Amino acid sequence: MGYPFKKFLEEDCGGVPGGRKLKGVIPGGASMPVLLPDEIDKVNLDYESVQAAGSYLGSGGVIVMDESTCMVRAALNLSRFFAHESCGQCSPCREGCHWMEKILHRIEYGQGEQGDLDLILNIAGNIAGNTICPFGDAAAWPPGAFIRKFRGEFEAHVAEKRCTVG
Amino acid sequence: MDPVKITIDGKEVVTTKGKTVIQAADDVGIPIPIPRYCYHPKLSIAGNCRMCMVEIEKMPKLQIACNTQAAEGMSVLTQSPKVLGGAQGGLGILADQSSGGLSDLRSSRRVLAARLLHGA
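Line order of the protein sequences matches chains L and S. Taking my numbering, the leading residue of the first sequence gets 1, the next gets one more, and so forth. Taking my numbering, the leading residue of the second sequence gets 167, the next gets one more, and so forth.
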């Protein structure tokens, strides 16, 4: 508790491989909002400082992504997981998770349309807080955070109709 | 039967203890009925369609009217922006995947609510 994240990543874990740059860190497992490098630099591994940076420690499963990672693909990967795991009991999560996955899939594979990003934010907003269990919140947070923090990359995918990373 | 006083959209409503918000609203017949998919008076409460969500004062999240018991002094809003957003979103998610765009959800919500209530 309270261990500086930067020291943890660079000294204890050996840093980002291949001399590549850090791109984003999810500090607390798949359901927590992603943080940018400058946000994570200030974080100590405790609840308060992660929360101050705009995310949560959650399950504590740290996911580190470097510049070779496509953020649309990462968001798609997470959405696919949540769509698969949604139990289907209540409507917003059952329909919304699959819908978000479908949209992210078409963006990643060059079929994205204008307005898709706002549509995802809208769907995510309508899932969070409206479901029976907290799975809905967990499923709605990551796509929203990815789009807000890497909007340029998502827009480039839509505009150029292909994956623009790597 | 103990009477319970609540307000729905600013209007005072007297219902009986043990009744839910959706029952209280249906009993007095509010102008725009609370929409519902999975609630039916003769079935057990499922609470999974999330269509009947209403805003209740002092509760941070929207609540489902079908499974929230009316309590003395409760203030319920069925037409606040938050409710229309939540229910529109719920209906939007269900209706929109087939129609393909964000159409006039508020009017479709009303049409649907009326249809569900009057069995048309």
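Each residue gets a CB set at the ideal place from its N, CA and C atoms; glycine is no exception. Owing to the predicted nature of the structure, the values given are computational and were not obtained by experimental measurement.
What residue from L:F5, L:H84 and L:A139 has the CA that sits closest to L:V62's CA?
Counting from 1 along the first sequence, the entry for residue 62 of chain L is found at position 62. Out of L:F5, L:H84 and L:A139, L:F5 has the C-alpha closest to the C-alpha of L:V62.
For the segment 36–72 of chain L, which segments carrying the beta strand (DSSP E) assignment without a break, of at least 3 residues, lie completely within its bounds, in sequence order?
The qualifying runs are 63–66.
Which value, in whole angstroms, describes the spacing of the CA atoms of L:V16 and L:A75?
Counting from one through the first sequence, the residue named residue 16 of chain L turns up at place 16. Counting from one through the first sequence, the residue named residue 75 of chain L turns up at place 75. L:V16 and L:A75: Cα-Cα distance of roughly 20 Å.
Label L:A128 either buried or exposed according to how many other C-beta atoms from any shown protein chain fall within 10 Å of its C-beta, with 16 as the threshold for buried.
Taking the first residue of the first sequence as position 1, residue 128 of chain L is located at position 128. Label assigned to L:A128: buried.
Which residue marks the beginning of the alpha helix (DSSP H) containing S:P158, and which one marks its end?
Residue numbering for chain S in the displayed model covers 167 to 286; residue 158 of chain S lies beyond these limits and cannot be assessed.
Would you mind stating whether S:V194 and S:K183 have Cβ atoms separated by less than 7 Å?
Locating residue 194 of chain S in the second sequence gives position 28, where the first residue counts as 1. Locating residue 183 of chain S in the second sequence gives position 17, where the first residue counts as 1. Against a cut-off of 7 Å, the Cβ pair of S:K183 and S:V194 comes out as no contact.
Tell me the DSSP bridge mates of S:K177?
Residue mapping note: residue 177 of chain S aligns to position 11 of the second sequence, counting from 1. Partner(s): S:I174.
Can you tell me whether L:M100 is helix, strand or coil according to DSSP?
For the purposes of this step, residue 100 of chain L is taken as residue 100 along the first sequence, with counting starting at 1. If DSSP states are grouped into helix, strand and coil, L:M100 belongs with the helices.
Please list, in chain order, all residues of the same chain as L:S55 whose beta carbon is under 7 Å from its beta carbon, the five residues on each side excluded.
Locating residue 55 of chain L in the first sequence gives position 55, where the first residue counts as 1. Correct list, in chain order: P27, G28, M32, P33 and L35.
Once DSSP output is grouped into helix, strand and coil, what is the label at S:Q235?
The count along the second sequence starts at 1 and reaches residue 235 of chain S at position 69. In this structure, S:Q235 counts as strand in the three-state DSSP scheme.
Taking the CB atoms as reference points, tell me whether L:Y3 and L:L57 lie closer together than 7 Å.
What you label residue 3 of chain L is simply residue 3 of the first sequence in a count that begins at 1. What you label residue 57 of chain L is simply residue 57 of the first sequence in a count that begins at 1. Contact flag unset, no.
Tell me the DSSP secondary structure of L:P232 in three-state form.
No information on residue 232 of chain L is available, as it lies outside the stretch 1 to 166 that chain L covers here.
Who are S:L243's beta bridge partners in DSSP?
Counting from 1 along the second sequence, the entry for residue 243 of chain S is found at position 77. S:E221, per the DSSP bridge assignment.
Would L:Q111 pass as an interface residue toward chain S - the criterion being a Cβ-Cβ separation below 7 Å?
On the first sequence, residue 111 of chain L is found 111 positions in, with the first residue counted as 1. Cβ-Cβ to chain S under 7 Å: no for L:Q111.
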